[in-house]
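Take the sequence shown: its position 149, counting from 1, is numbered 149 in full-length UniProt numbering, and each next residue is one higher.
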Amino acid sequence: MRRRRWDVWDPFDIMREIQEEIDEMFEDIFRGPRLWGYRRRYEPFEVREEFEGVWREPFVDIFDTGSEIVITAELPGVDKKDIKVKVKDDTVYIEAQVKREKELEKEGAVRVERYYSGYRRVIRLPAEVIPNKAKAKYNNGVLEIRIPKKEPVKREEGYDVKIE
């Protein structure tokens, strides 16, 4: 954003500056889609180095069935062997790495493009669970984690004290 000196005698000078700032914001919006806080332009045969190693948060759904907590996470393009799930206390940690390599041929030249990225998410659970009983399945890009809930501990409501 560029700053100009205002002309104190021109009442529309500040309005023109505001209009320029708004125009710049709209230009920025249409330069390219956002990828979880990172902007990416799609250009043919281009690999942007700044996007290598970008970690994204997968979309998740969390359900409390009464006896267990069920989490589903979207992890498209991930191999099952590249997914790590850890349950600790009241938190679930999901990490998945995406590795893609492809070869392109153009005018007799061969170019190899590599893309390494992945997903990371830390999920706070709505209830106490039994971490060592957790089970996970991965099918068609969707990870499902089932964690049994701990039995709620009954707490005494206290004692009435007789006042003498």
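Where a beta carbon is used, it is the ideal one built from N, C-alpha and C, also for glycine.
Query: Under the three-state DSSP convention, the category LYS162 falls into; Result: coil
Query: Assigned secondary structure, ASP64 (DSSP; H/G/I helix, E/B strand, else coil); Result: strand
Query: Cβ pair VAL85, VAL98 closer than 8 Å; Result: no
Query: C-beta atoms of LEU125 and ILE83 nearer than 8 Å; Result: no
Query: Range covered by the beta strand (DSSP E) that runs through LYS84; Result: 83-88
Query: Whole-angstrom distance between ARG16 and ASP89, CA atom to CA atom; Result: 56 Å
Query: Bounding residues of the beta strand (DSSP E) (the contiguous stretch that carries residue 170); Result: Because the chain spans 1 through 164 in this model, residue 170 falls outside it and cannot be assessed.
Query: Where TYR119 falls, given that 16 or more other Cβ within 10 Å makes a residue buried; Result: buried
Query: Segment limits, beta strand (DSSP E) that includes LYS135; Result: 135-139
Query: Spatially closest choice to LYS80 from VAL70, ALA96 and SER67, by CA coordinates; Result: ALA96
Query: In DSSP terms, what ARG124 is bridged to; Result: THR91
Query: Per-residue burial, PRO11 [other beta carbons within 10 Å of its own, 16 or more giving buried]; Result: exposed
Query: VAL122 versus GLU151: straight-line alpha-carbon distance, rounded; Result: 24 Å
Query: Local conformation of TRP36 per DSSP, three classes; Result: Residue placement at TRP36 is poorly supported in this model, since its pLDDT is 47, which falls under 50; the coordinates still yield a value, given next. Coil.
Query: Three-way DSSP call (helix, strand, coil) for GLU17 in this model; Result: helix
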